[in-house]
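See structure below.
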Amino acid sequence: MNMVAVVTGGSRGAGKGIAIALGQSGATVYVTGRSQMPDDSPYGGTVAETAALVSEAGGKGIPICIDHSNDEAVAELFARVGRDHGRLDVLVNNAVKVGMTLPGGFWEKPLEAADLITIGLRSHFVASFYAAPLLIANGRGLIVNTGHYGAVAYYHSPVYGAQKAGADKMAADMAKELRPHNVAAVSIWMGGLDTERVRAYIASLPPEARPTAKRESPQFTGRVIAALYASGDLMHYSGRALIGAELGAQFGVTDIDGSTPLSLRYRLGGPPELHASLR
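Just remember that my numbering sits 443 ahead of the position in the sequence shown, which is counted from 1.
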């Protein structure tokens, strides 16, 4: 697939997996993140490492070290994509400022928890703002906000829920304005992911308290995004919040081990069911 994509927040976690999966489809992927050295984060990972894995997977990975609170740097990122390719096919808004999960009420936690609204909601808007002209120039495009059931169920904190719900609404409203240009915008809800951060947290628990349920690989969402873009049916999905496991089942997408991730709709809630809305 001759796709040009930008994946924000790709040093590790979901963004890393999504970028690698898009690379497996043959895409050129601009991977953004702040981590230049492995010890920049306790969980390791750098943009250069992810970009190399994208290339190893069959695509072309291009590392871009960037702080998504810097609007000028974001503008230059998309200006570079424009100079290099003159277009953009897919933007994946995944960069978020994730803090520690601490016990207690929101008023008992550091106020910097609200930074998730800046790097996680505002940054989604800024990236989309600069990406939109390139997507429109392409005549067909897709914006994906990585979402979660926290948009409708309590998860971590009020600010986490606000960020996820806001990203869903932002995608819905962007979709309305982009529809005449054949550019789609969606949120894709991920399940429990097998990431570096999650593995470290589970390892910190007493053995008897460690969850044993199977988790989605970070690559699964990237596989779903690639299938969605290749489907030729983008406008049927545009404006929606979509559960990745349900969308994957519709497209016949499996996880990297061949398993089929399960929707958590009936445990955590969800948007309108996909099959009902597409009748």
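Where a beta carbon is used, it is the ideal one built from N, C-alpha and C, also for glycine.
Q) On the premise that G682 lies in contact with A608, defined as a C-beta separation below 8 angstroms, what is that separation, rounded to the nearest angstrom? A) At roughly 15 angstroms, the Cβ-Cβ gap does not stay under 8 angstroms, so A608 and G682 are not in contact.
Q) Nearest-angstrom Cα distance between K657 and T703? A) Put simply, the backbone Cα of K657 is about 11 angstroms away from that of T703.
Q.
Which residues does DSSP list as the beta-bridge partners of S630?
A. Its beta-bridge partners are N588, A684.
(Q) For L721 and A627, what's the separation of their Cα atoms in angstroms? (A) Caution is warranted here: a pLDDT of 48 is assigned to L721, below 50, making its placement in the model unreliable, and the coordinate value is therefore given only provisionally. Looking at the two C-alpha atoms, the distance is approximately 16 angstroms.
Q | Cβ-based neighbour list, Q693, same chain, cut-off 7 angstroms, excluding 5 preceding and 5 following | A | Taken in chain order, the residues that qualify are L717.
Q) So what does DSSP say about K619, is it helix, strand or coil? A) Looking at K619 - three-state DSSP - the assignment turns out to be helix.
Q.
Between N581, Y598, V602, which has its C-alpha nearest A557's C-alpha?
A. With distances taken between Cα atoms, A557 lies closest to V602.
Q | Touching by the beta-carbon criterion (3+ pairs, under 8 angstroms), the stretch 481 to 499 and the stretch 590 to 605 | A | Touching, no, given that fewer than three Cβ pairs across the two stretches are closer than 8 angstroms.
**Q.** Run of the beta strand (DSSP E) containing N751, from where it starts to where it stops
**A.** Absent from the model: residue 751. The displayed extent of the chain is 444 to 722, so no value can be given.
Q | Limits of the unbroken beta strand (DSSP E) element including G504 | A | Counting along the chain, the beta strand (DSSP E) containing G504 begins and ends at 503 to 508.
Q: Pick helix, strand or coil for L721, following the three-state DSSP scheme.
A: At L721, the pLDDT of 48 sits below 50, so the modelled position is not reliable and the matter cannot be decided from this model.
Q) DSSP three-state call for K450: helix, strand or coil? A) Residue identity check: residue 450 is Val in the sequence provided, not Lys. Here V450 sits in strand by DSSP.
Q: Per DSSP, which residues does L636 bridge with? Please list them.
A: The partner list for L636 (beta bridge, DSSP) reads E659.
**Q.** Span separating the alpha-carbon of A500 from that of G548
**A.** If I take the Cα positions, the gap works out to 43 angstroms.
Q.
Cutting at 6 angstroms between CB atoms, please list the residues of its own chain near A614, excluding the five before and the five after it.
A. The beta carbon of A614 sits closer than 6 angstroms to the beta carbons of N588, A628, V629, S630 from its chain, once the five residues preceding and following it are set aside; these are given in chain order.
Q) Going by the CB atoms, is the gap between A464 and I701 shorter than 8 angstroms? A) First, the residue type needs correcting, since residue 701 is Gly and not Ile in the sequence shown. No. Outside cutoff.
Q. Any idea what DSSP makes of Y473, helix, strand or coil?
A. In the structure shown, Y473 sits in a strand (DSSP, three-state: E or B).
Q: Please determine, among G593, K459, G504, G675, the residue with the shortest C-alpha to C-alpha distance to G469.
A: The shortest C-alpha to C-alpha distance from G469 to any of G593, K459, G504, G675 is the one to G504.
**Q.** P506 burial status per 10 Å Cβ neighbour count (16 or more: buried)
**A.** Around the beta carbon of P506, 16 or more other beta carbons sit within 10 angstroms, so the residue counts as buried.
Q | Nearest-angstrom beta carbon gap, G712 and V535 [assumed within contact, 8 angstroms] | A | Not quite, the Cβ-Cβ distance comes to about 24 angstroms (not below 8 angstroms), so this is no contact.
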